[in-house]
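The working numbering puts the first residue of the sequence shown at 2, with every later residue one more than the last.
Virtual Cβ for every residue (Gly too), placed ideally from N, Cα, C.
The structure presented is a predicted model; accordingly, all values stated were derived computationally and were not measured.
Worksheet for the structure shown next.
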Amino acid sequence: PGLALLTEWVGVGRIPTPASVAVIGGGNTAMDLARVLKGAGVAQVYVITHNGLPGPDVPDEDAMRALPREIVQAQEEGVEILAHRGVRRLLLRGERVVGVEMVHMKKLPDAAGRLRRVAFDGTETVLHVDMVVPAIGEEIDPAGLESLLNGAGHLEIDASGATASSGVFAGGDATLHGGTVTEAVGAGRRAAHGIDRWLREAPVAGPADRDEVAPVGIEGLNLAYYEQAPRARENVLPVAERGGDAEIDRGLSEEQAGGEARRCLSCGECLACDNCFTLCPDSAVLKTREAASDGSHYVFDYQHCKGCGLCANECPCGFIEMVAED
C-alpha cells in the first residue's frame, strides 16, 4: 500500500489527504510516504516504527533503517516519529479506521545474548487517525530459489556475488547486502567480475579485484602533507519552501563539487608526489615512464634498500606498506 500510494503520487500527482495519517514502518519507503503526505497537505502525519531513532543509546540492529538525512528532514517538515512502538490492533467505527492501539517495544538481549523484540504489556496507548498505511517494505519472490535462501529469507552470497548454485549470482535487495541503489550497483559490478571468472573457468573467488582490496584507513595516512579544507554543505531547500513535488536536495554547485574532489585524500592510491623517490637515502626508489604492476610509476631496488621505512612513513596516502620478511 505504501508503494502504491507513492506510485499514484508520481503517476497522477494525487494522493489522499485526510486530516491525519499513521504510516507504519521505519525504512525509506515510510519516510518518503510520510513526507509526501505532509507536503500534500495532511495536517498530522505519524510514523510508527518498531525501531528506535538512530543515536548512541540505540544499537544498530534496533535503529530505523531509513537514511538519517531522511529522518531529520521528515522531522523538520513536521512528521512525528513514534519510535519503539508496535501496532496491536486497528480501531474501527463501522468499516472506517479511526485509530490504532500501540504498545511500546524494544529489542533486548535474550538468555543467549541475541537481541529479541519485546512488547511491554501495560504500555498500550491509542492514536486517533483517519488513515493507516503500512509501509514495511517488500519481500522477494523465492519461487525456484528456495534452496539458496538463508534463515532471514535472503539469497546467500559470497564476496563475488556467487550463490551456492554454480553459475547463479545475486545482488541488491534479494541479498542482505543491497539496501540502497548504490549498494545494488556495486553488487552488480562485483557479480559481473565473478561471472566473467566463472565463464573463463577461473576460480570465482580469484585474485582480488581493485575494489576488493582492503581500504587504507585514516590512521594509515600522513596527514601532515594535506591542507585542511572544510566539507561542502549540500544545498537543501528551506523547510518553509518545501511542499508538493519541489526538489529538496539541490546537490552541490560546480564550484563545490570541484572543491570536494580536491579534498580527496587518495587513500591507498599513489599520488605520484615523489616523496619516496626524493627522500630515499639509498636511492633505492626508481621512477619509471610506464606504470608499474601496482599502478604507480615507482619501483624498488631491493639490492640497495636497507628497510629504513622512510618511504612508507612519508607516503601521504598509505600506498607504501612495510611488511616483515619471511
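Bounding residues of the alpha helix (DSSP H) (the contiguous stretch that carries residue i)
i      : result
Gly40  : 29-41
Val73  : 69-77
Leu311 : 311-314
DSSP-derived helix/strand/coil call for residue i
i      : result
Arg243 : coil
Gly87  : strand
Ala325 : coil
Val182 : helix
Ser254 : coil
Leu224 : helix
Val237 : strand
Pro208 : Residue placement at Pro208 cannot be trusted, given a pLDDT of 46 that sits under 50; what the coordinates show is reported in the next sentence. Three-state DSSP puts Pro208 in coil, outside helix and strand.
Gly259 : helix
Gln45  : strand
Val24  : strand
Phe320 : coil
Phe278 : helix
Ala293 : coil
Ile82  : strand
Leu177 : coil
Ala94  : Inspection of the sequence shows that residue 94 is occupied by Arg rather than by Ala. Arg94 falls in the strand class under three-state DSSP.
Gly168 : coil
Gly123 : coil
Gly53  : strand
Leu200 : helix
Leu149 : helix
Ala163 : strand
Straight-line gap, residue i to residue j (C-alpha atoms, nearest Å)
i      : j      : result
Asp302 : Arg201 : 36 Å
Cys306 : Thr279 : 14 Å
Ala165 : Ile158 : 7 Å
Gly43  : Gly187 : The residue you asked about is not Gly; residue 43 is Val in the sequence shown. The alpha-carbon atoms of Val43 and Gly187 are separated by roughly 37 Å.
Trp10  : Arg117 : 36 Å
Cys312 : Glu291 : 21 Å
Tyr226 : Pro317 : 6 Å
Gly12  : Met132 : 21 Å
Thr124 : Ile25  : 18 Å
Pro69  : Gly56  : 10 Å
Tyr299 : Met323 : 15 Å
Cys309 : Ala285 : 11 Å
Pro2   : Thr30  : 11 Å
Leu83  : Gly27  : 10 Å
Ala136 : Arg15  : 18 Å
Leu34  : Cys281 : 60 Å
Leu128 : Arg36  : 19 Å
8 Å contact criterion, which residue i and residue j should meet: CB distance rounded
i      : j      : result
Val205 : Gly189 : The Cβ separation is near 16 Å, so there is no contact.
Thr50  : Arg86  : 7 Å
Gly80  : Val48  : Rather than Gly, the amino acid found at residue 80 in this sequence is Val. Going by Cβ atoms, the distance from Val80 to Val48 rounds to 6 Å, so yes, they are a contact pair.
Gly244 : Gly40  : 5 Å
Val88  : Met103 : 6 Å
Ala185 : Gly173 : 4 Å
Ala230 : Gly260 : 7 Å
Cys277 : Pro216 : Rounded, the Cβ-Cβ distance is 21 Å, inconsistent with contact.
Beta-carbon contacts of residue i that lie in its chain and below 6 Å, excluding the five residues immediately before and after
i      : result
Leu38  : Val22, Val46
Val218 : Sequence check: residue 218 is Gly here, not Val. Same-chain partners within the cutoff: there are none.
Cys271 : Ser297, Phe320
Arg264 : Ala230
7 Å CB neighbourhood of residue i in its chain, flanking five on each side removed
i      : result
Asp250 : Glu235, Val237
Glu62  : Lys108, Leu116
Leu146 : Leu156
Beta strand (DSSP E) segment containing residue i, residue limits
i      : result
His305 : From DSSP, His305 is part of no beta strand (DSSP E); its letter is neither H nor E.
Ala5   : No beta strand (DSSP E) holds Ala5; the alpha helix (DSSP H) holding it covers 3-13.
Thr126 : 126-129
Ala120 : 116-120
Leu287 : 286-288
Glu102 : 97-110
Pro60  : Element bounds for Pro60: n/a, residue is neither H nor E.
Val134 : 132-135
Residues near residue i in its chain [Cβ-Cβ closer than 8 Å; skip 5 each side]
i      : result
His155 : Ile141, Ala175, Thr176, Leu177
Ser161 : Phe170, Arg191, Ala192, His194, Gly195, Arg198, Val205, Ala206, Gly207
Val98  : Leu91, Leu92, Val130, Asp131, Met132, Val133
Leu222 : Leu266, Cys268, Pro317, Cys318, Gly319
Beta carbon proximity, residue i to chain C, threshold 8 Å
i      : result
Ala144 : The displayed structure is made up of one protein chain only, and chain C is not part of it.
The ligand GDP heavy atom lying under 7 Å from the CB of residue i
i      : result
Met132 : The ligand GDP is absent from the structure shown, which contains no ligand whatsoever.
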